[in-house]
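First the structure, in the form of structure tokens, and then the observations on it.
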Amino acid sequence: MTENHHKDLSELSFDELDEHNFPRAEDNEFDRVVERAISRRGFLSGALVFGSGAAAMGTGLLKASTALAQQISRFAFTPIAAQTDGTVHVPEGYEWKLLARWGDPYFTGVEAFDAETGVTLEASDKVFGENTDGMESFVYDGRQLLAINHEYVNPKVNLPQTGGETQSAEDALKLQNLQGVSVIEVAENEDGWSIVLDSPFNRRIHHNTPMAISGPAAGHDLLKTEADPSGTRSLGTMNNCGAGKTPWGTYLTCEENFNTYFGTTETSVDQKPIERPFGYDRYGISNESRYGYEKFDPRFDFSKNPNEPHRFGWVVEIDPTDPESTPVKRTALGRFKHENAEVVLARDGRVVVYLGDDERGEYLYKFVSNSIYVPGGPTDGLLDDGTLYVAKFNDDQTGEWLALTPETTEMSPAEILIYTRLAASKVGATTMDRPEWVATNPHAVEAYCCLTNNKNRGIKTNAGGDETPVGGPNPREANKYGQIVRWFPRDHDHASATFDWDLYVMAGNPTVHKDAYAGSENVNEGNLFNSPDGMAFDSSGIVWIQTDGDDSNEGDFAGMGNNQMLAGDPVTGEIARFMTGPNGCEVTGLCWSADNRTMFVGIQHPGSNWPDGGPLARSSVIAIKHQDNGLIG
Ligand code: FEO
Ligand code: CA
Ligand code: CA
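Start counting the sequence shown at 183; every next residue gets the next number (our numbering).
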């Protein structure tokens, strides 16, 4: 406890933060010590042991708490078995219903989804987009709003007349419209939750929505284009993966694999390689895009607009309560393949944002604002002024946040943000097994990150990237199962420059392997899973883990079944399966209704004909409730 603890402004704001159901750090010393020690017991007795000098505590306390943990499961549900079929399963006593499917209209008069041909071009920017991902819940003026990402599109089903090939500007526009972000109002009646048609809050944000660029990189030459000589106004957002929520009630959407949207119409002359701007290789920008936009929309042709790709790969802040508001790209949070943005307050009220870069051998980041958050005070500059750090994990289970500054990187402040990956490589950060979502515990000062897998260790994904050696929080050579690393900021402060860490879980398969690939002690025949990806804490402090992995249910993955969602107890390490998705899907995105009686969960790219039984599978958000309308989380 610091001497000036009583002056912490963050404490003054707890009641107001509660209104937003916002994660925050409590200062319960006893709970923290118990949680940490027990969790370490679980890890240290597992397959991999690193020395730790940080877990000192009373033996009596550990024994008592462990005994308690063995007797009582914290989960108010009976875990379900792995499933391999084409629908969603939840535990006995719970039910799920559809909330929104790809193609569901937001306004009356918008053409309905066609079971065989999907969505028309005219309807494509007025419906629920494809491939739902991160989402957050907001309450405004008594209304329940959801902001939801639409990560990518499946061209084959959206362009059925061409077999999935973009053959015109209209084809490109349709694909562009079906991605990005939705803001919708939803309401519950006796039949369950549904979209409020014609709500003034319903809004689609897509590749062509006007945006502002702010922060230290705004206006830099590398962000200027012919259409925007100022380098401060851009169009659109893309590959919106995970999300985040600020204490002031805005939505953060994270641009992940933006690199795949750009290509060149220039052909090589005399077999000479096409000239490619600096940084393209490290960010994986290749000469051909996934959707062929560049052939019909010159903005995506880097031979004509070499700086346009620099205007993506950011975290974008959106005010869901104002449909006229302009989304803002916050350059201070760096440019990389952003997974999600987990916002939490430091002890003194500064804003801390944890950020993963989802690529083999890339890094985990943290932004710390210069100013403090004051409820009701100005917030616009909070995500513009601050320091970006990158994580270094030591093998002795300590770690540090390395500041990315002109002194440490020999790069200018704007270049550090535009070429963040290159800056991070200069300071000795730890390469990771694909950092996906970060989540923070609202009841303890600790953070978790899913390291989903790393099937190709030793292969550099992008030229100029770093090797990913085995070690630290990435302990297995062929990491097909993934793990969740957890860190405990020193001084119980998310702004701290140092931390201790452990692995909350190493996924594995003890029915197939007896070595490290069996997984950690809290993995057993009843909760097998692989490739943790989405993750969030509920208000009671349970961590919910969603998977995006191999659902073959064979060989190394036998007994794991379809992708799923599990509940984890951060104290005991217990993990239990709560939900399974239809085969072929990834489970991604979760948030809760304002009364915590509904959990909204995203089902992305189902492989079967779920949920309609028609020829087209439809990504959807479902609403899960307890049948007696009890609290969920
Ligand atoms: Fe869009 Fe890394 O998941
Ligand atoms: Ca993901
Ligand atoms: Ca994933």
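Quick reminder that beta carbons are idealized off the backbone N, C-alpha and C, glycines included.
No experiment lies behind these values; they were computed from the predicted model shown.
Assuming the contact rule is C-beta atoms closer than 8 Å, Ala689 and Gly664 should be a hit. Round their C-beta distance to whole Å, please. 5 Å
Check whether the Cβ of Glu659 sits closer than 7 Å to any heavy atom of ligand 3, and report yes or no. no
What is the DSSP secondary structure of Gly701, counted as helix, strand or coil? Looking at Gly701 - three-state DSSP - the assignment turns out to be coil, as it is neither helix nor strand.
Inspect the beta-carbon positions of Leu604 and His492 and report whether they are closer than 8 Å. no
Please say whether Val535 and Glu524 have beta carbons closer to each other than 8 Å? Yes, the pair counts as a contact, with Cβ atoms nearer than the cut-off.
Report whether the distance from the Cβ of Glu521 to the nearest heavy atom of ligand 2 is below 7 Å. Within the chosen limit of 7 Å, ligand 2 reaches the beta carbon of Glu521 through at least one heavy atom.
With 16 as the cutoff for other CB atoms within 10 Å, does Asp452 come out buried or exposed? exposed
Any idea if Glu312 is buried or exposed, counting beta-carbon neighbours within 10 angstroms, 16 or more meaning buried? buried
Could you please give the first and the last residue of the uninterrupted beta strand (DSSP E) stretch that includes Arg464? Arg464 -> not in any beta strand (DSSP E); alpha helix (DSSP H) instead, spanning 462–465.
What does Lys511 pair with, by DSSP beta-bridge criteria? Ile395, Val498
With distances taken Cα to Cα, identify the nearest neighbour of Ile292 among Leu280, Arg283, Asp307. Here residue 292 turns out to be Val, not Ile, going by the sequence shown. Among Leu280, Arg283, Asp307, the Cα nearest to that of Val292 belongs to Asp307.
Please list, following the chain, all residues that have a C-beta closer than 7 Å to any non-hydrogen atom of ligand 2. Asp315, Cys423, Gly424, Glu521, Asp540, Glu618, Trp619, Asp715, Gly716, Asp730, Thr770
Would you give the residue range spanned by the alpha helix (DSSP H) that Arg542 belongs to? Where Arg542 is concerned, there is no enclosing alpha helix (DSSP H), given that its DSSP letter is neither H nor E.
Asn166 and Ile467: beta carbons closer than 8 Å? Past the edges of the chain, shown from 183 to 815, lies residue 166, and the structure says nothing about it.
Could you please give me the residues that DSSP links to Arg603 through a beta bridge? According to DSSP, which records beta bridges pairwise, Arg603 is partnered with nothing at all.
State the DSSP-derived secondary structure class of Tyr276, mapped to helix, strand or coil. strand
To the nearest angstrom, how far is it from the Cα of Ile330 to the Cα of Pro480? 28 Å
Is it buried or exposed for Gly796, if we count other Cβ within 10 angstroms and need 16 for buried? exposed
Mind listing, in chain order, the continuous alpha helix (DSSP H) runs of no fewer than 4 residues lying wholly within the segment 416–490? 462–465
Report the residue from Leu633, Ile666, Met614 whose alpha carbon sits nearest the alpha carbon of Glu649. Met614
Going by the DSSP bridge assignment, what does Leu281 pair with across the sheet? According to DSSP, which records beta bridges pairwise, Leu281 is partnered with nothing at all.
For the beta strand (DSSP E) containing Glu370, list its first residue and its last residue. 362–371
By Cβ distance below 7 Å, which residues in the same chain neighbour Ala596 in space, the five residues on each side in sequence not counted? Pro398, Ala399, His402
Alpha-carbon to alpha-carbon, Ser450 and Pro502: One C-alpha to the other measures close to 45 Å.
DSSP three-state call for His520: helix, strand or coil? strand
How is the beta strand (DSSP E) around Thr314 delimited, first residue to last? 314–322
When every heavy atom of ligand 1 is checked, does at least one fall within less than 7 Å of the C-beta of Glu438? yes
Which word fits Asn203, buried or exposed, when buried means at least 16 other C-beta atoms lie within 10 angstroms of its C-beta? Legend: pLDDT at Asn203 = 30, less than 50; position of this residue unreliable, value from coordinates given subsequently. By the 10 Å Cβ count, Asn203 comes out buried.
Can you grab the Cα-Cα spacing for the pair His410 / Ser416, in whole Å? The residue asked about is misnamed: residue 410 is Asp in this sequence, not His. Cα to Cα, Asp410 sits roughly 7 Å from Ser416.
Specify, as a first and last residue, the run of the beta strand (DSSP E) that Lys356 falls within. That residue, Lys356, is in no beta strand (DSSP E); its alpha helix (DSSP H) goes 351–359.
Buried or exposed (CB count within 10 angstroms, at least 16 for buried), Gln343: exposed
Relative to ligand 3, is the shortest distance from any of its heavy atoms to the C-beta of Thr302 smaller than 7 Å? Result no, Cβ not under 7 Å from ligand 3.
What ranges does the alpha helix (DSSP H) occupy inside the segment 602–634, keeping only unbroken runs of at least 4 residues that lie completely in it? 602–607
Host alpha helix (DSSP H) of Thr591 (start-end): 588–591
Take every Cβ of the segment 792–809, pair it with every Cβ of the segment 270–283, and state whether three or more of those distances are shorter than 8 Å. yes
Which full runs of the beta strand (DSSP E) of 3+ residues lie inside the segment 545–595, going along the chain? DSSP runs (the beta strand (DSSP E)) wholly in the segment 545–595: 546–554, 568–575, 580–585.
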